[in-house]
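This report refers to the structure that appears directly beneath it.
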Amino acid sequence: MVTPEDVLSFWLDEIGAKGWYAVSRDLDEKIRTSFHDTWLRAKQGECGQWLTDPKDILAYIILMDQFPRNMFRDSGEAFSTDRHALAAAKTAIRRKWDLRTEEPARQFFYLPLMHSENLCDQERCIRMVCDRMPKTGANTLLHARAHREVIRQFGRFPYRNEALGRETNPPERAYLDAGAYATTVRELQHKDAA
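Heads up: the sequence shown runs through residues 81 to 274, numbered per the working numbering.
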């Protein structure tokens, strides 16, 4: 049976910061093979004990927020446990358990807020990164601001529409055709440099 320590050892030590955001079929398959059954158990509510300790809750958040994005890339299933991760992240932040994890791994407490299609969560993510990641938060902050900008503009992430079976409206189509999220990031970088 996979333990919280197994999740943290794999994601924080074995994969590490250089691999966290890499797109790799090999990594996706490795996560699917190693953690799918545990993710499914957690989705069904069988890992509640992971929510009672600062390190275990971090493992739970990674399992429910990060791993599905790898296991189910380009599928609606990639977002199916976001609400579980978001609830756990809010609990951990309220208890200040996030502050017991060193940067840059601390960012995983804030990513469920960044992945939320709720503007209040987006604003909170930015506050958390600014306040609680002073050493390594610059890149995370850039992406938090980009996510917030998309939610401000559209109220949702248009690049999820196809995977979630949502209709794409004309302004969203124009945004997707113009480069979508990558364009938003570049525009923010340009503003920051000006």
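Beta carbons are placed, not taken as given, at the ideal position from N, Cα and C, and that holds for glycine.
Can you grab the Cα-Cα spacing for the pair residue i / residue j, in whole Å?
| i | j | result |
| --- | --- | --- |
| A275 | P250 | Nothing in the structure corresponds to residue 275, since the chain is present only between 81 and 274. |
| C200 | K110 | 34 Å |
| L107 | R149 | 11 Å |
| N198 | G235 | 7 Å |
| M81 | G245 | 34 Å |
| I141 | T113 | 19 Å |
| A274 | T118 | 47 Å |
| E94 | F147 | 14 Å |
Can you check whether the CB of residue j is closer than 8 Å to the CB of residue i?
| i | j | result |
| --- | --- | --- |
| K135 | P84 | yes |
| F71 | A169 | The requested residue 71 does not occur in the structure, where the chain is confined to residues 81 to 274. |
| C179 | L138 | It should be pointed out that residue 179 corresponds to Leu in this sequence rather than to Cys. Not in contact: L179 and L138 (Cβ atoms no closer than 8 Å). |
| Y239 | A254 | no |
| V209 | A224 | yes |
| T220 | Q187 | yes |
| L143 | A122 | yes |
| A243 | D145 | no |
| E182 | M213 | no |
Give the secondary structure of residue i by DSSP, where H, G and I count as helix, E and B as strand, and everything else as coil.
| i | result |
| --- | --- |
| N175 | The amino acid occupying residue 175 in the given sequence is Arg; Asn does not appear at that position. Note: R175 maps to coil in three-state DSSP. |
| T113 | helix |
| N219 | helix |
| T263 | helix |
| Y239 | helix |
| S89 | helix |
| V230 | helix |
| G245 | coil |
| A274 | coil |
| T118 | helix |
Counting pairs of Cβ atoms below 8 Å between the stretch 148-159 and the stretch 175-183, do you hit three or more?
Counting C-beta pairs with one atom in each stretch, the stretch 148-159 and the stretch 175-183 have fewer than three that are closer than 8 Å, which means they do not touch.
Within the stretch 120-200, ranges of the beta strand (DSSP E) (whole runs, at least 3 residues)
Complete beta strand (DSSP E) runs here, min 3: none at all.
For the stretch 258-272 against the stretch 228-247, do three or more pairs of beta-carbon atoms, one drawn from each stretch, fall closer than 8 Å, so that the two count as touching?
Yes: at least three Cβ pairs fall under 8 Å.
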